[in-house]
Amino acid sequence: MVKTQNRNMSVPDTSDGAKYGNAVRLPSASLKTSDNSSNFANPGSTGKSGSSRRSSRSSSGNSASGGTEGTRKKDGAASRKLTGAAPRSMSGNSKKKSSSNSAPKAPAKAAMSKPSKKSTLSGSTKGAKKSAFAEEAKDIKNSGSALEKKGAFASVPDDVLSQINDTFLKTVKDAEKAFASKKEKHKLKVIPLGGMQEIGKNMTLFEYGNDIIIVDVGVAFPEESMLGVDSVIQDYTYVLQNKDKVRGIFLTHGHEDHIGSLPYLMRELKCPLYGGKLTIELARHKLMEAGVGTRGIELVYCAAGDTIKAGSSFAVEFIRVNHSIADAFAFAIRTPIGNVIHTGDFKIDFTPINGDPIDLGRFAEYGRQGVLLMLAESTNVEIPGSSPSEKHVGESFQRIFQNTTGRIIIATFSSHVHRMQQIFTAAEMYGRKVALIGRSMLNTFSVANSLGYITMNPSTLIDINDINKYEPEEVVILTTGSQAEPMSALSRMAFASHRVVDIHEGDTVILSAHPIPGNEKPIYRVINELFRRGAHVIYESLADVHVSGHAYRDELTLIHTLVKPKFFVPCHGEYRMLFRHAALAQRLGTPESRTFILNNGDVLEVSQDSAKIAGFVPAAPVLIDGAGAGDIDNRVFRDRRILADDGVVSVSIVLSKVSGKLLCPPSMQSVGFLFESEAGPIQHECSQKLYNYLHRLESSKSTKSIRDAAESHQIRDALKSMLYESTKRRPLIMINVLEI
Ligand SMILES: [Zn+2]
Ligand SMILES: [Zn+2]
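The opening residue of the sequence shown carries number 761 in the numbering used here; numbering runs sequentially from there.
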C-alpha cells in the first residue's frame, strides 16, 4: 500500500481524465532563474541579506540575460505536459538551462549597468527587454572593437562615439519608462465571493490585467432561518461576465466548503481545475454525480512544490499544509507586482497521519523574499495555544479499543481521511473488522483508498450486511452523522430506523467530531437516544477523540512571523474571528492601515505600495432550494416562518360577475392555525365577522368594490385584525375571489 503520495509516480492514464499539472517543479534553488525568466515578480533573486522587497527588486536585473531562454524552456515544458507527455523531469532541465544561460551575463551587465540600477521594472519585462538590449549592446561592442582593429572607425572622434553611446542608453531608458508606465496600469484585484464573515462557500478571485484565477468554489449550509433551503452558493455574475479571463480554478483541498459548489459554477464555466489528487477526484465525483460531467474541464493533479503558470500574470505554487483531509495545500501566487500567500485551511502538525508536516520552510522562504499580501484562515483564532496533533486521536482510539469488549461505532466527518486511517489502524491492532455506513463515507473511502491514501489489510474491510457474522468484539462500524443530521446513519441507528444496525446494550459509540455551532441540540437528542438504548457514549472527553484541523492562535502567529506580509486579509471566519485575526496581525507588526476585513464582493485593489477597497461586485448569497437556484427572496422565508409559527388561513369569496355582489357567505379554511378544541367556535366567529365586514363594504357607497378591496389587501388586513383579536396569532392569509 502506498501511504504517501509519490511525486515521481507515472502519469495516470489520460483516459482517467486527470493529468499532472503543466507544472514546473521549481526547487527553491532554481526559483531565482525561473522567476526571472517569466512575467512575474521576482521572489528568489536576492540570495543577499535580506528580507526586503527592495533588495529583490533591485537585484533582479543582474541575472536578466538568462531570462528569455528560461521562459521558452519553461513554456515548452508546460505545453508538453499539457499534452500528457512525461511530466516531472522537465523541472531539472529548466533549471539547468537557466543556469547555463548565465554565460552572456557579464558583457550584458557591463553594457547595461547604468539603466539596470535605476530600473523600476518588474523582473520579467526588465529581464526580457534587457536581454535583447544586452545582445545588441554586445554586438555593437564586439563589432566596434573588430572594426577598430581594422581601423574602420579610426577617424571617428572619441566624443562622437561617446554621443552614440549616450543616445543608445537614452533609448533604453525611454523604453524602460514606457514599460514601467504600462505596467503601472495594472493592479492586483482580490475579490472574495464567499468565505468572508462566514464559514462556508469559500471562493476568492485574483485578477491582474487580462487574467483571473479562482481559489476554491465551496458551498455553505443554510442558516436556521433559511427554512427549506438545501444549500447556499456564491453569486457568479462577475465570473461569468469575465469568463474569457479565467485561467483556472485552484482548489486548496477537498472539503465541501471549498469544492461544494463546483457543479453550479462548472455548468456555465469551462476552465482547468488544479488540486491535489484526492481533491481532484472528489471534485470529479461531484461533477459526475450532479450530471455536469467533465467535458471541457481539464482536471489536473498537482503535488507539493508544483508551480502552475496561469495566463501571463500568475504562477501558483502548491505548498504542503496539514489539515483534516489529505492533499491540503496553501498557495503562493506569484504576480507581476509581488507574491501572494493564500493559506487555505491549515494546521501545523509535526506528526501527521498521512504524508509530511506542513512545509514551513517554504513559507519562510517567501517571507524572506517578500510577500505583498497574505490571506489566512481564521477559524480557530479565538483558541489560544496550538492544536494537538491528529496522532493524539489515534492514541485515544487505541486506548478505547483496548478496553472495549462490545461493538464500537464511531461517527465522524465523512471527508476525514486521516481519522479513517486511524480507525483502521486501531482496528487491525485489536483484531477488529471495519464496516462503513453512509453514502458520503463510502464515497470518500473508495476515492481515498483507490489513490492509496488508506493503509490497511483488504480483509479488514467488511460489508455492513455481514456484521452479524462476527462477534461484537470483532466489529467497528464507521458512520456518518456526527452532526446528528436527521437522515444520517447514526441518527437512524439512534431512533431505531436503520435498516441493518440497531443499537443495543454493550455497544460503545464514539462521536469523533466537534459539534458545528448550532448543532448541539440535535446532537444531544441523538446522544440521549443512544444512552436510552443501553450504549456507552463517548462524547464529552472530545479532546481525546477529536482534534481540530484548523490552526490555533499560536500556529497563526508562527505563520505571520514567517511570512511577514505587507498587506493582510483574514478569511474563513465569522466577523469576530476576522476581527481578532486582524488584531493578531497588527500585534505582530502589520499596521492597521494594511489589514483589511473584507465583505464578500469587495474589490481589494493592491499595488506594490498600497491597497484599498476600490469597488464591489455582486456577492449576495444564492440559495438553492430543490431544483431552483437564486429565485428565492426574503419574502419566501418570511412566509415559511409564518407558516411554521401560526399556520395558514384561506378564504374564498364568491362574487357575481355582473353585479360584483357577494353570492354567498365567505368560506374559511385553515391549516396549522387552530387547535382542535377551538377550531369550531373560532372559525365560526371569524367567518361571521368577515361576512359582516364584506356586507358593510358592499353597501357603503363611498368605498371600493369587494374585488378592489381584495386586490389592495384591504380585506386581508381586516381579517388579520379579526383573527388576531380572537386568537392572538398571525397566520398567513390567502384570499381567493371567484366571480361567477
Ligand atoms: Zn477544510
Ligand atoms: Zn474550510
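Yeah, the Cβ is synthetic: ideal placement off N, Cα and C, and Gly gets one too.
Query raised in the report: Taking 8 angstroms as the line, does the beta carbon of T1139 fall inside it for any heavy atom of ligand 2?
Result: Residue 1139 sits at position 379 when you count from the first residue of the sequence shown. True, at least one ligand heavy atom lies under 8 angstroms from that Cβ.
Requested in this report: Can you give me the Cβ contacts of C1446 inside the same chain, cut-off strictly under 7 angstroms, excluding the 5 residues immediately before and after it?
Outcome: Start at 1 with the first residue of the sequence shown, and residue 1446 comes out as number 686. Counting only Cβ-Cβ distances below 7 angstroms, and skipping sequence neighbours, we find M1428, M1482, L1483, S1486.
Query - Nearest-angstrom Cβ-Cβ length linking V1076 and F1010, presumed shorter than 8 angstroms - result: Reading the sequence shown from its first residue, position 316 is the one you call residue 1076. Reading the sequence shown from its first residue, position 250 is the one you call residue 1010. With a beta-carbon spacing of about 6 angstroms, V1076 and F1010 fall inside the 8 angstroms limit used to define contacts.
Report task. Indicate the three-state DSSP secondary structure (helix, strand or coil) for R1192 in the structure shown. Result -> Numbered from its first residue, the sequence shown carries residue 1192 at position 432. The answer is coil: DSSP assigns R1192 none of H, G, I, E or B.
Query raised in the report: Does DSSP put S991 in a helix, a strand or coil?
Result: Taking the sequence shown and counting its residues from 1, the one referred to as residue 991 is at position 231. For S991, the secondary structure class from DSSP, reduced to helix, strand or coil, is strand.
**Report entry** Beta-carbon separation (whole angstroms), D1406 vs F1433, contact threshold 8 angstroms
**Finding:** As a working mapping, residue 1406 is identified with position 646 in the sequence shown. As a working mapping, residue 1433 is identified with position 673 in the sequence shown. About 6 angstroms; that satisfies the 8 angstroms criterion.
Query raised in the report: Quick one, which of L1358, L948, G1294 has its alpha-carbon nearest D1369's?
Result: Translated into positions along the sequence shown, residue 1369 becomes position 609. Each of L1358, L948, G1294 was checked against the Cα of D1369, and the nearest Cα belongs to L948.
Query - Own chain, CB closer than 7 angstroms to G1191, minus 5 neighbours either side, in chain order - result: In the sequence shown, the residue the question calls residue 1191 occupies position 431. Hits under 7 angstroms: E1234.
Query raised in the report: When DSSP labels each residue in this structure, what does N1140 get in the three-state scheme?
Result: Mapped onto the sequence shown, residue 1140 falls at position 380. Coil at N1140, not helix or strand.
Requested in this report: Using alpha carbons as the reference points, say which of I951, L929, I924 lies closest to P1378.
Outcome: By one-based count along the sequence shown, residue 1378 stands at place 618. Of the listed residues, the one whose Cα sits closest to P1378 is I951.
Query raised in the report: If you draw a straight line from the alpha carbon of R1340 to that of V1141, how long is it in whole angstroms?
Result: Reading the sequence shown from its first residue, position 580 is the one you call residue 1340. Reading the sequence shown from its first residue, position 381 is the one you call residue 1141. Straight across, the Cα-Cα distance linking R1340 with V1141 is about 7 angstroms.
Query - Residue range of the beta strand (DSSP E) that includes Q1429 - result: Reading the sequence shown from its first residue, position 669 is the one you call residue 1429. Note, Q1429: beta strand (DSSP E), 1427-1431.
Query - Among G1056, G1198, N1225, I1413, the one whose alpha carbon lies nearest that of P1246 - result: Counting from one through the sequence shown, the residue named residue 1246 turns up at place 486. The residue with the shortest Cα to Cα distance from P1246 is G1198.
Requested in this report: Kindly confirm or deny that the region 991-1009 and the region 1140-1157 touch, where touching means at least three C-beta pairs closer than 8 angstroms.
Outcome: Flag = no, the region 991-1009 and the region 1140-1157 do not touch.
Query raised in the report: Which residues does DSSP pair with T1355 in a beta bridge?
Result: Counted from its first residue, the sequence shown places residue 1355 at position 595. Per DSSP, F1328.
**Report entry** L1492 versus M1048: straight-line alpha-carbon distance, rounded
**Finding:** Residue mapping note: residue 1492 aligns to position 732 of the sequence shown, counting from 1. Residue mapping note: residue 1048 aligns to position 288 of the sequence shown, counting from 1. In a straight line, the C-alpha of L1492 is about 41 angstroms away from that of M1048.
Query raised in the report: Residues bridged to F1110 by DSSP?
Result: For the purposes of this step, residue 1110 is taken as the residue at position 350 of the sequence shown. In the DSSP assignment, F1110 is bridged to no other residue.
Requested in this report: Identify whether N1099 lies in helix, strand or coil by the three-state DSSP scheme.
Outcome: In the sequence shown, the residue the question calls residue 1099 occupies position 339. The answer is strand: DSSP assigns N1099 an E or B state.
Query raised in the report: Apart from the five residues on each side of it in sequence, which residues of its chain come closer than 7 angstroms, Cβ to Cβ, to T1172?
Result: One-based indexing of the sequence shown puts residue 1172 at position 412. So the list reads R1179, S1242, S1272, A1273, once near-sequence residues are dropped.
Requested in this report: Determine the closest residue to A1295 out of H1045, S1437, T1164, with distance taken between C-alpha atoms.
Outcome: One-based indexing of the sequence shown puts residue 1295 at position 535. Shortest Cα-Cα distance from A1295 to any of H1045, S1437, T1164 involves T1164.
Query raised in the report: What do you reckon, are the CB atoms on A1345 and P1330 nearer than 9 angstroms?
Result: Numbered from 1 along the sequence shown, position 585 holds the residue referred to as residue 1345. Numbered from 1 along the sequence shown, position 570 holds the residue referred to as residue 1330. Yes, the pair counts as a contact, with Cβ atoms nearer than the cut-off.
Requested in this report: Taking the CB atoms as reference points, tell me whether K1005 and N970 lie closer together than 9 angstroms.
Outcome: Indexing the sequence shown from 1 puts residue 1005 at position 245. Indexing the sequence shown from 1 puts residue 970 at position 210. Yes, the pair counts as a contact, with Cβ atoms nearer than the cut-off.
Report task. Kindly indicate the opening and closing residues of the alpha helix (DSSP H) around T997. Result -> In the sequence shown, the residue the question calls residue 997 occupies position 237. That run of the alpha helix (DSSP H) goes 997-1001.
Query raised in the report: So does the region 1153-1161 actually touch the region 971-983, counting three or more Cβ pairs closer than 8 angstroms?
Result: As far as the Cβ criterion goes, the region 1153-1161 does not touch the region 971-983, which means the pair count is below three.
Query raised in the report: What do you reckon, is the C-beta of I1085 under 8 angstroms from a heavy atom of ligand 1?
Result: In the sequence shown, the residue the question calls residue 1085 occupies position 325. Yes; taking the cut-off as 8 angstroms, the Cβ of I1085 has a heavy atom of ligand 1 nearer than that.
Query raised in the report: Which two residues bound the contiguous alpha helix (DSSP H) that contains K1046?
Result: One-based indexing of the sequence shown puts residue 1046 at position 286. First-last of the alpha helix (DSSP H) with K1046: 1037-1049.
Query raised in the report: Going by DSSP, what residues sit across from R1094 in a beta bridge?
Result: Taking the sequence shown and counting its residues from 1, the one referred to as residue 1094 is at position 334. Answer is A1075, N1099, bridged to R1094.
**Report entry** Environment of ligand 1 in chain order, Cβ to heavy atom below 5 angstroms
**Finding:** Answer in sequence order: H1015, D1105.
**Report entry** Assigned exposure category for M1494 - 16 Cβ within 10 Å defines buried
**Finding:** By one-based count along the sequence shown, residue 1494 stands at place 734. Flag for M1494 reads exposed.
Requested in this report: Give a single yes or no on whether H749 has its beta carbon closer than 8 angstroms to a heavy atom of ligand 2.
Outcome: The question about residue 749 has no answer here: the residues shown for the chain are numbered 761 through 1500.
Query raised in the report: DSSP state of T1164, grouped into three classes?
Result: The count along the sequence shown starts at 1 and reaches residue 1164 at position 404. Looking at T1164 - three-state DSSP - the assignment turns out to be coil, as it is neither helix nor strand.
Requested in this report: Decide if Y1213 is buried, meaning its Cβ has at least 16 other Cβ atoms within 10 Å, or exposed.
Outcome: In the sequence shown, the residue the question calls residue 1213 occupies position 453. So Y1213 counts as buried.
Query raised in the report: By how many angstroms is the C-alpha of T1012 removed from the C-alpha of H1176?
Result: Translated into the one-based positions of the sequence shown, residue 1176 becomes position 416. Translated into the one-based positions of the sequence shown, residue 1012 becomes position 252. In a straight line, the C-alpha of H1176 is about 15 angstroms away from that of T1012.
**Report entry** Spatial neighbours of A1086 in its chain, beta-carbon cut-off 6 angstroms, leaving aside the 5 residues before and after
**Finding:** Residue mapping note: residue 1086 aligns to position 326 of the sequence shown, counting from 1. The residues are L1038, N1114, V1177, Y1213.
Query raised in the report: Is the region 1317-1324 touching the region 1346-1354, taking contact as three or more C-beta pairs under 8 angstroms?
Result: These segments touch.
Requested in this report: Note down, in chain order, each residue of its chain lying with its Cβ closer than 6 angstroms to the Cβ of G960, except the 5 sequence neighbours on either side.
Outcome: Start at 1 with the first residue of the sequence shown, and residue 960 comes out as number 200. If the five residues before and after G960 are omitted, its C-beta is found closer than 6 angstroms to the C-beta atoms of A980, D1017, all from its own chain and listed in chain order.
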